[in-house]
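Novice: In this note's numbering, the protein residues as written are 599 to 682. Quick one: this structure, given as structure tokens, is what I'll be asking you about.
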Ligand SMILES: [Zn+2]
């Protein structure tokens with residue numbers, strides 16, 4: 599199993615999990631499920647290995663090219679304008 603080491607944010611323990619990771623690609627939201635990642639048990643920071651990072655980049659390229667992905671609808675809420 600990949601060793602994620604300690605959290606680079608808070609020094610907490612990293613736990614190997616499968617996570618949903620979201621990416622904004624040219625104004626489109628792409629979500630990749632079941633991504634192997636280390637998740638900090640203290641602050642929730644997520645890290646992926648270099649290998650997984652490369653596969654994610656490849657999957658995102660594939661999605662842009664072939665459109666084989668499922669599509670889900672997500673609610674979009676605009677933040678109030680009167681907040682500075
Ligand atoms: Zn942390």
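For each residue, glycine too, the CB sits at the ideal point set by N, CA and C. Given the structure is predicted, the values throughout are model-derived calculations rather than measurements.
Between the Cα of residue 546 and those of 650, 680, 601, 677, spot the shortest distance and give me the residue it belongs to.
Specialist: Nothing in the structure corresponds to residue 546, since the chain is present only between 599 and 682.
Novice: Check for me: the beta strand (DSSP E) holding residue 633 runs from which residue to which?
Specialist: It spans 626-638 - the beta strand (DSSP E) in which residue 633 sits, taken as one unbroken run.
Novice: Would you tell me roughly how many angstroms separate the C-alpha atoms of residue 680 and residue 674, rounded to the nearest one?
Specialist: Cα to Cα, residue 680 sits roughly 18 Å from residue 674.
Novice: With a Cβ-Cβ cutoff of 8 Å, do residue 645 and residue 612 count as a contact?
Specialist: Yes, they are a contact pair.
Novice: Run the Cβ filter for me: residues under 6 Å from any heavy atom of ligand 1, listed in the order they occur in the chain.
Specialist: That gives 605, 607, 608, 610, 638, 640, 641, 643.
Novice: Using 10 angstroms around the beta-carbon of residue 614, count the other beta-carbons present and answer buried if the total reaches 16, otherwise exposed.
Specialist: It counts as exposed.
Novice: Just the C-alpha distance for residue 628 and residue 642, rounded to the nearest angstrom, thanks.
Specialist: Going by the C-alpha atoms only, they are around 21 Å apart.
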